[in-house]
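So the structure is just underneath, and the comments pick up after that.
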Amino acid sequence: MSRLAVGLALVIVGGGALAVAAPGGDAPGARHVLHEDLPAPAVDDDSPLVGQTPAAGQNPAAFTAGDKVLPEPAMGPAKDGEPVLGRSGFAADRDTETRPDYNTGADGTLHYVSVFNPDVLPFKRMSALDRVRDDYMLTIASATTVELPVGGHTDPSRDRFWGSVMVELQPGRDVALPSVAPDMRILSYEAEPRTTLTFSKDGADNFYVRSDESSAQGTYRVNFLVDADAGYFAPQIPAAVSGMRLRDIADAADDAGLAVPLPTNVAAEAQRSLRILGLSSASYFGDALNKLVYYFRGFEAKQLGDLTGDVYRDLFDNQAGVCRHRSFAFLITAAAAGIPTRYVTNEAHAFVEVWVPRRGWQRVDLGGAALRLEVTGADGKTLHRPRAEDPFAKPPEYTQNYTQLQGDVRGLSASQLADKRKPLGDDASGDYGPLVDGSDDGGDGSGDVDDTGDAVAPGDDGNHRPPDPKKLSPSVTVTMVDSVGYRGEPIHVEGRVDDPHGAMANVRVDVFVAPPGQGGNRAVLIGRGATDATGRFALDADVPADLQLWTYELYVSTPETATHNAAISD
Numbered sequence: 042m043s044r045l046a047v048g049l050a051l052v053i054v055g056g057g058a059l060a061v062a063a064p065g066g067d068a069p070g071a072r073h074v075l076h077e078d079l080p081a082p083a084v085d086d087d088s089p090l091v092g093q094t095p096a097a098g099q100n101p102a103a104f105t106a107g108d109k110v111l112p113e114p115a116m117g118p119a120k121d122g123e124p125v126l127g128r129s130g131f132a133a134d135r136d137t138e139t140r141p142d143y144n145t146g147a148d149g150t151l152h153y154v155s156v157f158n159p160d161v162l163p164f165k166r167m168s169a170l171d172r173v174r175d176d177y178m179l180t181i182a183s184a185t186t187v188e189l190p191v192g193g194h195t196d197p198s199r200d201r202f203w204g205s206v207m208v209e210l211q212p213g214r215d216v217a218l219p220s221v222a223p224d225m226r227i228l229s230y231e232a233e234p235r236t237t238l239t240f241s242k243d244g245a246d247n248f249y250v251r252s253d254e255s256s257a258q259g260t261y262r263v264n265f266l267v268d269a270d271a272g273y274f275a276p277q278i279p280a281a282v283s284g285m286r287l288r289d290i291a292d293a294a295d296d297a298g299l300a301v302p303l304p305t306n307v308a309a310e311a312q313r314s315l316r317i318l319g320l321s322s323a324s325y326f327g328d329a330l331n332k333l334v335y336y337f338r339g340f341e342a343k344q345l346g347d348l349t350g351d352v353y354r355d356l357f358d359n360q361a362g363v364c365r366h367r368s369f370a371f372l373i374t375a376a377a378a379g380i381p382t383r384y385v386t387n388e389a390h391a392f393v394e395v396w397v398p399r400r401g402w403q404r405v406d407l408g409g410a411a412l413r414l415e416v417t418g419a420d421g422k423t424l425h426r427p428r429a430e431d432p433f434a435k436p437p438e439y440t441q442n443y444t445q446l447q448g449d450v451r452g453l454s455a456s457q458l459a460d461k462r463k464p465l466g467d468d469a470s471g472d473y474g475p476l477v478d479g480s481d482d483g484g485d486g487s488g489d490v491d492d493t494g495d496a497v498a499p500g501d502d503g504n505h506r507p508p509d510p511k512k513l514s515p516s517v518t519v520t521m522v523d524s525v526g527y528r529g530e531p532i533h534v535e536g537r538v539d540d541p542h543g544a545m546a547n548v549r550v551d552v553f554v555a556p557p558g559q560g561g562n563r564a565v566l567i568g569r570g571a572t573d574a575t576g577r578f579a580l581d582a583d584v585p586a587d588l589q590l591w592t593y594e595l596y597v598s599t600p601e602t603a604t605h606n607a608a609i610s611d
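Going by the numbering used here, the letters in the sequence shown line up with residues 42 to 611, in that order.
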């Protein structure tokens, strides 16, 4: 394929004019873009992804999450207070064992470090434990790891997340990596400095990252795109499973290799607890699980009275403790009932995962008690919204705790809290509308806006309608475009989007080129991106390989939303 120069004059209407010249005809003063050849954007009408196909070493530009578009996190050095994974320190390493304690009063200030966007606050998975020793120590049953592929096609049954972490790498050394769910898939990643990464997980679905390159030494920024089964965040019990007896659940767990065996002394105490709750192997699974969740959500932060010396017995009988005590005692009791359960923690919170036949692992929060929750690293992020509420009983002791973002929660904006507290069902984080690639297939580069979905093209034939006076009207400003590009290769476009109140974050932007003098008609959609937390966007838009040699006007637009009118750059 011959290379064809593309020149740009920034003073032309639409933020600039794009000139396609003959081979070897570089425009005066042209700036060549140094890059590796990239594939064209994915042509998937039903994909939530914006930009390049995700792969090892190549992230897309953004993805749609509910009513928002979330751009790839920025690269760069560690932010103030950001932990570096692989070093010892707060929120930087994994607990591979833990023992229950008697400090059952309310926690003071809990500190949570945000890694993901949407953020699963406060349910980041850093440590998952699934084995109980006779001294009540919780450990990992199988530390053997299996390597994970990078890539895959995401679909409507899964929720998507950006992750961004600082990692200290040494060749061949596994570093603990936080996750959003046990079945999390790594769709793509980029590392700065550039290096090849390998991802893996152990038997409790704790995730790890490493580099086997001999040159991989030092601190790296790793941005990665993942997805996970949406059902994990919105637990449900199928009717057929709800009606199964606990003995049948235990058999299914054995068949799946997920049963949690208990030492004799631990099992004896747990069976006593099941009798207190009125549960037996003949109990129906749905009723039993709901009763267990209700009981442990009813724990209160308080000091214990007379002690027996058996920490599990004391916690269970007194219904006393915060998140870690509830989750520890729940694990032992549920395991005795034949229900596979894991104890999951991060630096601020502990919760459990329960395995449900036909559904897999389900996140179950039991609540906690703390004076306040302080969050760092969540600026400009959205909070994850599951697709449904969990179906379990919610006593008053549970509904007013910090896991529901009630009480003294710091580090989140009022809009973040309000968005999180909206009733579930609409604008779940996993929802998305179609993002249609509008590149023309006719071969002449003339373009056609009929295939651009909800993108607003310039000109009379674009997706135009009168502005709604009840909505805000944004402005789109193009601040930089490559003055030279090549047919079939990307040009770099930067700019910003504002409304009367200031910068607009997480807004999708569409880049068009149109023949000059046509008023924007016959425009071709060549790229998509999204604004960051400051309202700025920067993206590489692919010049169609069949674009005619000509001068083109360049436009950037934003689609209409529930709160804002569409906008096109001047």
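Where is the CB? At the ideal position from N, CA and C, for every residue including glycine.
Counting only the same chain and skipping the five closest in sequence on each side, list residues whose C-beta sits under 6 Å from that of A257.
Your numbering for residue 257 matches position 216 in the sequence shown. Result list for A257: L210, P212, T236, in chain order.
Three-pair Cβ contact test at 8 Å for the segment 130-143 versus the segment 424-441:
no
Taking the DSSP output, what are the residues bridged to E138?
In the sequence shown, the residue the question calls residue 138 occupies position 97. According to DSSP, which records beta bridges pairwise, E138 is partnered with T180.
Residues near A291 in its chain [Cβ-Cβ closer than 6 Å; skip 5 each side]
As a working mapping, residue 291 is identified with position 250 in the sequence shown. Cβ within range, chain order: G379.
Whole beta strand (DSSP E) elements within the segment 524-567, 3-residue minimum:
525-527, 531-540, 549-555
With 16 other Cβ atoms within 10 Å as the buried cut-off, status of P475
As a working mapping, residue 475 is identified with position 434 in the sequence shown. Here P475 scores only 43 on pLDDT, less than 50, and its place in the model should not be relied on; the value that follows carries that caveat. It is exposed - the Cβ of P475 has fewer than 16 other Cβ atoms within 10 Å.
Taking a contact to mean a Cβ-Cβ separation below 9 Å, would you say P223 touches G401 in this structure?
Counted from its first residue, the sequence shown places residue 223 at position 182. Counted from its first residue, the sequence shown places residue 401 at position 360. Yes; because the gap between Cβ atoms is below 9 Å, this pair is in contact.
Cut-off 7 Å between Cβ atoms - residues of its own chain near T518, not counting five sequence neighbours on either side
For the purposes of this step, residue 518 is taken as the residue at position 477 of the sequence shown. For T518, where only same-chain residues beyond five positions count, the Cβ hits under 7 Å are G536, R537, S610.
Got a sec, what are the start and stop residues for the beta strand (DSSP E) H366 sits in?
Counting from one through the sequence shown, the residue named residue 366 turns up at place 325. From DSSP, H366 is part of no beta strand (DSSP E) but of the alpha helix (DSSP H) over 364-377.
Please confirm whether N387 and A132 have their CB atoms less than 9 Å apart.
Translated into positions along the sequence shown, residue 387 becomes position 346. Translated into positions along the sequence shown, residue 132 becomes position 91. Closer than 9 Å, so yes.
Separation of K242 from A391, as counted between CA atoms
In the sequence shown, residue 391 corresponds to position 350, counting from 1. In the sequence shown, residue 242 corresponds to position 201, counting from 1. If I take the Cα positions, the gap works out to 20 Å.
If the criterion is Cβ atoms closer than 9 Å, does the pair G272 and S322 meet it?
The residue you call residue 272 lines up with position 231 of the sequence shown. The residue you call residue 322 lines up with position 281 of the sequence shown. Cβ distance not < 9 Å, so G272 and S322 don't count as in contact.
I'd like the list of long-range same chain contacts for A574, defined as Cβ closer than 6 Å, with 5 residues on each side in sequence excluded.
Taking the first residue of the sequence shown as 1, we reach residue 574 at position 533. Excluding residues within five positions, the ones whose Cβ falls inside 6 Å are G421, A546.
Residue environment, V47, which counts as buried when at least 16 other CB atoms sit within 10 Å:
Taking the first residue of the sequence shown as position 1, residue 47 is located at position 6. Legend: pLDDT at V47 = 36, less than 50; position of this residue unreliable, value from coordinates given subsequently. Buried, because 16 or more other Cβ atoms sit within 10 Å of the Cβ of V47.
P279: buried (16+ other C-beta within 10 angstroms of its C-beta) or exposed?
The count along the sequence shown starts at 1 and reaches residue 279 at position 238. P279 should be labelled exposed.
G244 and I181 closer than 9 Å at C-beta
Along the sequence shown, read from residue 1 onward, the residue named residue 244 stands at position 203. Along the sequence shown, read from residue 1 onward, the residue named residue 181 stands at position 140. In this structure, I181 lies closer than 9 Å to G244 by Cβ.
Under 9 Å, do P95 and S229 count as touching if we go by C-beta distance?
Residue numbering aside, residue 95 sits at position 54 when the sequence shown is read from its first letter. Residue numbering aside, residue 229 sits at position 188 when the sequence shown is read from its first letter. Yes.
Within a Cβ cutoff of 6 Å, which residues of the same chain sit near R286, ignoring the five residues on either side of it in sequence?
Taking the first residue of the sequence shown as 1, we reach residue 286 at position 245. Closer than 6 Å at the Cβ level, and outside the excluded window around R286, lie A323.
Ignore the nearest five residues each way along the sequence and tell me which others in N247's own chain have a CB closer than 6 Å to its CB.
Within the sequence shown, residue 247 is the residue found at index 206, counting from 1. Contacts found: A169.
Could you tell me the alpha carbon to alpha carbon distance between A106 and S516, rounded to whole angstroms?
One-based indexing of the sequence shown puts residue 106 at position 65. One-based indexing of the sequence shown puts residue 516 at position 475. So the two alpha carbons sit approximately 23 Å from each other.
Taking only three categories from DSSP, how would you classify S321?
Here residue 321 refers to the residue found at position 280 when the sequence shown is read from its first residue. Coil, per DSSP.
Do A329 and L320 have their beta-carbon atoms positioned less than 9 Å apart in this structure?
Taking the first residue of the sequence shown as position 1, residue 320 is located at position 279. Taking the first residue of the sequence shown as position 1, residue 329 is located at position 288. Yes, they are a contact pair.
Could you give the distance in angstroms between the alpha-carbon of R428 and the alpha-carbon of L513?
Counting from 1 along the sequence shown, the entry for residue 428 is found at position 387. Counting from 1 along the sequence shown, the entry for residue 513 is found at position 472. Distance between the alpha carbons of R428 and L513 is about 28 Å.
For L90, which residues of its own chain have a beta-carbon under 6 Å away from its beta-carbon, when the five flanking residues on both sides are left out?
Locating residue 90 in the sequence shown gives position 49, counting from the first residue. Excluding sequence neighbours, L90 sits near P101, F104.
Going by DSSP, what residue range makes up the alpha helix (DSSP H) through Y596?
Translated into the one-based positions of the sequence shown, residue 596 becomes position 555. No alpha helix (DSSP H) holds Y596; the beta strand (DSSP E) holding it covers 592-599.
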